[in-house]
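I have placed the structure first, in the form of structure tokens, so that the comments after it can refer back to it.
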Amino acid sequence: MKITVIGSGYVGLVTGTCLAEMGNQVCCLDVDPAKIAILRQGGIPIYEPGLDEMVKRNVAAGRLSFTTDVAESVAFGDIQFIAVGTPPDEDGSADLQYVLAAARNIAEHMDDYKVVVDKSTVPVGTADKVRDTIAATLARRGADIPFSVVSNPEFLKEGAAIEDFMKPDRVVVGAEDERAIDVMRRLYSPFQRNHDRILFMDVRSAELTKYAANAMLATRISFMNELANLAETLGADIELVRRGIGSDPRIGYHFLYPGAGYGGSCFPKDVKALVSIGKENGHPLRVLAAVEAANDAQKLRLVDKVVARFGEDLSGRRFTIWGLAFKPNTDDMREASSRVIIRELVRRGASVAAFDPVASHEASRVLEDVAGVDFAEDMMDALDGADALLIVTEWKQFRSPDFEQIRARLKAPVIIDGRNMYDPAWVRGLGFDYLAIGR
Ligand code: UDX
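In this note's numbering, the protein residues as written are 10 to 448.
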């Protein structure tokens, strides 16, 4: 099949590349010439395991191409994916200007039937706006060309996006006419494994499904974070409680890990957007509003522990941070807890030595305006002379560190672990003052 992907960011690039991998012809468009130049030279502008080789392989095979030319890209695909950004507006609602601009571009240049697919996470009702925009533009052109608008939300996890796309739990497709349903079934049937994983539904249900999935997952995390904080006061161990409830198949083990708060490009944005959709439609989502508030507080939980140990005024203190990205295996710093933690430590007078296996460069960019932050090349070097080690992201290389060396390099043996990486009894037995989440 011939496919155009509009927006070569994270979602667009993964979508386009995986569809090419299945033998389709794919053309990816982006307005940023620098990004397209990198892609054409076989590089990728983001960090995602496995994507690099897959892009190279499909470009070499002639199935995947990149362009900044709107007319050329619209002419290319029978299916037009819209995978542009939907950044939150000031009130938390998603800004649709890029989605609607893409719709206008498609309508401006199309000359035969197109299936227009919303891949971006968009508020319920956006497909209608996309449809209206295309219809209005075609009418202005005096062109009578058929088209369908489909919602096909993505459920990709950063760091596992290729696997998620190639072996999906489910493919949600909101489509309301037979022609579009048929095209989408053909597109996704190679991704079915042993049973039918395509869930066809109406467009609005598909749009809401995406928000519902992320909001539910975020709710689980905030619930566990609040419970963890309570467990600390009660003298219970949240890790045992987690296993105790996870064993109930109705609850399950996933996404019950308490920590330093959730971040990333999806949960915070989608929770905000759904809260705002609820408000606008006269159905305030009280549970979800609390999920957001709890997460804001949780991001500062490690600083609360620092303050409890070292006092309100941290002048002259130095803290090591291990892990800056919002989760392991990515360099993504969007809404990362480390940002809030570092800013607050510095505001209180401390200096920071930060280490991350891949996100340091990106972190130095987003923290450019914060004085007193050094980025270390080596996780152990970051410890020298610090008052405590704070662990914010659970990279694998932090799992089994040389504790002797940690103790020798820190000023005092204090570990404040925001991801419950270690067995408390063991670490305390080594002479550390070990503060974790909920235990
Ligand atoms: C998420 C969804 O999982 C994915 O389906 C959706 O398409 C996009 O949003 P992603 O943001 O890449 O994916 O990361 P994810 O692994 O879900 O983690 C999100 C955040 O939650 C991270 O900050 C992580 O540290 C935190 N988290 C996750 C917890 O604190 N506890 C958990 O148990 C799980």
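Idealized CB from N, CA, C, for every residue including glycine.
#1: Am I right that V108 and I91 are in contact with their C-beta atoms under 8 Å? What's the rounded C-beta distance?
#2: Could you tell me whether the stretch 309-322 touches the stretch 377-388, using the rule of 3 or more Cβ pairs below 8 Å?
#3: For R437, does the three-state DSSP call read helix, strand or coil?
#4: With DSSP collapsed to three states, give me the class of Q106.
#5: I'd like to know if the stretch 335-348 and the stretch 273-284 are in contact, where contact means that at least 3 CB-CB pairs between them fall below 8 Å.
#6: With three or more C-beta pairs closer than 8 Å as the rule, is the stretch 322-340 touching the stretch 288-299?
#7: Nearest CA to the CA of A363: which residue from S82, L398, K123 and R356?
#8: Do you know how far the Cα of Y122 is from the Cα of P2?
#9: Which residue spans inside the stretch 239-268 form an unbroken alpha helix (DSSP H) run of at least 4?
#10: When burial is assigned at 16 or more other CB atoms within 10 Å of the CB, is A225 buried or exposed?
#11: Do A215 and G183 count as a contact pair if the criterion is CB distance below 7 Å?
#12: Suppose you measure from the CA of K166 to the CA of D173; what does that come to, to the nearest Å?
#13: Whole angstroms is fine: what's the gap from A282's alpha carbon to I53's?
#14: Cutting at 6 Å between CB atoms, please list the residues of its own chain near P132, excluding the five before and the five after it.
#15: Check whether the Cβ atoms of R179 and R206 sit closer than 7 Å, and answer yes or no.
#16: Which whole-angstrom value describes the C-beta separation of V139 and V158, a residue pair presumed to lie in contact below a C-beta threshold of 8 Å?
#17: Checking 7 Å against the spacing of the C-beta atoms, do L444 and I415 come in under that value?
#18: By DSSP, does Q34 sit in helix, in strand, or in coil?
#19: Determine whether the beta carbon atoms of R49 and F75 lie at a separation below 7 Å.
#20: Would the beta-carbon of E248 be found less than 6 Å away from any heavy atom of ligand 1?
#21: Output needed for Y56: all residues of its chain with C-beta closer than 7 Å, excluding positions within five of it in sequence on either side, in chain order.
#22: What is the C-beta distance between K308 and I350, in whole angstroms, given that I count them as a contact (C-beta under 8 Å)?
#23: Taking its Cβ as the centre, do 16 or more other Cβ atoms sit within 10 Å of D365, making it buried, or is it exposed?
#24: Given that a residue counts as buried once 16 or more other Cβ atoms are within 10 Å of its Cβ, and exposed if not, what is R356?
#25: I need the straight-line Cα distance from I247 to P96, nearest angstrom please.
#26: For G94, which residues of its own chain have a beta-carbon under 6 Å away from its beta-carbon, when the five flanking residues on both sides are left out?
#27: Return the CA-CA distance between E321 and S360, expressed in angstroms with no decimal places.
#28: Would you check whether ligand 1 has a heavy atom nearer than 6 Å to the C-beta of G21?
#29: DSSP three-state call for Y56: helix, strand or coil?
#30: Which same chain residues end up closer than 7 Å to A189 when comparing Cβ atoms and leaving out the 5 residues on each side of it in sequence?
#31: Say yes only if the C-beta of E172 is nearer than 6 Å to one or more non-hydrogen atoms of ligand 1, and no if none qualify.
#32: To the nearest angstrom, how far is it from the Cα of M503 to the Cα of T77?
#33: If you follow the alpha helix (DSSP H) that R150 is part of, which residue opens it and which one closes it?
#34: Which runs of the beta strand (DSSP E) spanning at least 3 residues fall entirely within the stretch 304-365, listed in chain order?
#35: Our contact map puts T24 next to N67 with C-beta atoms below 8 Å; I'd like the distance itself, whole angstroms only.
#36: Using CA coordinates, which residue listed in I115, T135 and M175 is at the minimum distance from R150?
Walking through what the data contain:
#1: Indexing the sequence shown from 1 puts residue 108 at position 99. Indexing the sequence shown from 1 puts residue 91 at position 82. Their Cβ separation, rounded to whole angstroms, is 6 Å, which keeps V108 and I91 in contact under 8 Å.
#2: no
#3: Position 428 of the sequence shown, counting from 1, holds the residue named residue 437. Residue state, collapsed to three classes: helix.
#4: Working through the sequence shown from its first residue, we reach residue 106 at position 97. Note: Q106 maps to helix in three-state DSSP.
#5: yes
#6: no
#7: Mapped onto the sequence shown, residue 363 falls at position 354. Minimum Cα distance to A363 is reached at L398.
#8: The displayed coordinates of the chain run from 10 to 448. Any statement about residue 2 would go beyond what the structure contains.
#9: 247-255
#10: As a first step, residue 225 must be located in the sequence shown, where it is residue number 216. As written in the sequence, residue 225 is Met, which differs from the Ala given in the question. With fewer than 16 Cβ atoms within 10 Å of its Cβ, M225 is classed as exposed.
#11: In the sequence shown, counting from the first residue as 1, residue 183 sits at position 174. In the sequence shown, counting from the first residue as 1, residue 215 sits at position 206. Going by C-beta atoms, G183 is nearer than 7 Å to A215.
#12: In the sequence shown, the residue the question calls residue 166 occupies position 157. In the sequence shown, the residue the question calls residue 173 occupies position 164. Those two C-alpha atoms are separated by around 7 Å.
#13: Residue 282 sits at position 273 when you count from the first residue of the sequence shown. Residue 53 sits at position 44 when you count from the first residue of the sequence shown. About 29 Å.
#14: For the purposes of this step, residue 132 is taken as the residue at position 123 of the sequence shown. Result list for P132: A103 and I286, in chain order.
#15: Position 170 of the sequence shown, counting from 1, holds the residue named residue 179. Position 197 of the sequence shown, counting from 1, holds the residue named residue 206. Contact: yes.
#16: As a working mapping, residue 139 is identified with position 130 in the sequence shown. As a working mapping, residue 158 is identified with position 149 in the sequence shown. Indeed they touch by this definition, with Cβ atoms about 5 Å apart.
#17: On the sequence shown, residue 444 is found 435 positions in, with the first residue counted as 1. On the sequence shown, residue 415 is found 406 positions in, with the first residue counted as 1. Against a cut-off of 7 Å, the Cβ pair of I415 and L444 comes out as no contact.
#18: Looking up residue 34 in the sequence shown gives position 25. Strand.
#19: On the sequence shown, residue 49 is found 40 positions in, with the first residue counted as 1. On the sequence shown, residue 75 is found 66 positions in, with the first residue counted as 1. In this structure, F75 lies closer than 7 Å to R49 by Cβ.
#20: Looking up residue 248 in the sequence shown gives position 239. No, ligand 1 has no heavy atom inside 6 Å of this Cβ.
#21: As a position in the sequence shown, residue 56 is number 47, starting the count at 1. The answer, listed in chain order, is T339, D340 and V367.
#22: On the sequence shown, residue 308 is found 299 positions in, with the first residue counted as 1. On the sequence shown, residue 350 is found 341 positions in, with the first residue counted as 1. 7 Å between Cβ atoms; contact.
#23: The residue labelled residue 365 in the question sits at position 356 within the sequence shown. Answer is buried; the Cβ neighbour count reaches 16.
#24: The residue labelled residue 356 in the question sits at position 347 within the sequence shown. Its Cβ having fewer than 16 others within 10 Å, R356 is exposed.
#25: Start at 1 with the first residue of the sequence shown, and residue 247 comes out as number 238. Start at 1 with the first residue of the sequence shown, and residue 96 comes out as number 87. The alpha-carbon atoms of I247 and P96 are separated by roughly 35 Å.
#26: As a working note, residue 94 is residue 85 in the sequence shown. Answer for G94: Y107, listed in chain order.
#27: Sequence index remark: in the sequence shown, residue 321 carries index 312 (1-based). Sequence index remark: in the sequence shown, residue 360 carries index 351 (1-based). For E321 and S360, the distance between alpha carbons rounds to 14 Å.
#28: Along the sequence shown, read from residue 1 onward, the residue named residue 21 stands at position 12. No, Cβ of G21 sits at least 6 Å from all heavy atoms of ligand 1.
#29: Here residue 56 refers to the residue found at position 47 of the sequence shown. In this structure, Y56 counts as coil in the three-state DSSP scheme.
#30: Your numbering for residue 189 matches position 180 in the sequence shown. Same-chain partners within the cutoff: V124, S157 and V159.
#31: What you label residue 172 is simply residue 163 of the sequence shown in a count that begins at 1. Checking every heavy atom of ligand 1 against the Cβ of E172, none is found closer than 6 Å.
#32: Residue 503 lies beyond the residue range present for the chain, which begins at 10 and ends at 448; the question has no answer from this structure.
#33: As a working note, residue 150 is residue 141 in the sequence shown. Looking at the DSSP string, the run of the alpha helix (DSSP H) that includes R150 is T135 to R150.
#34: 327-331 and 360-364
#35: The residue given as residue 24 occupies position 15 in the sequence shown. The residue given as residue 67 occupies position 58 in the sequence shown. So it is not a contact: roughly 12 Å between Cβ atoms.
#36: As a working mapping, residue 150 is identified with position 141 in the sequence shown. Measuring from the Cα of R150, the nearest candidate turns out to be I115.
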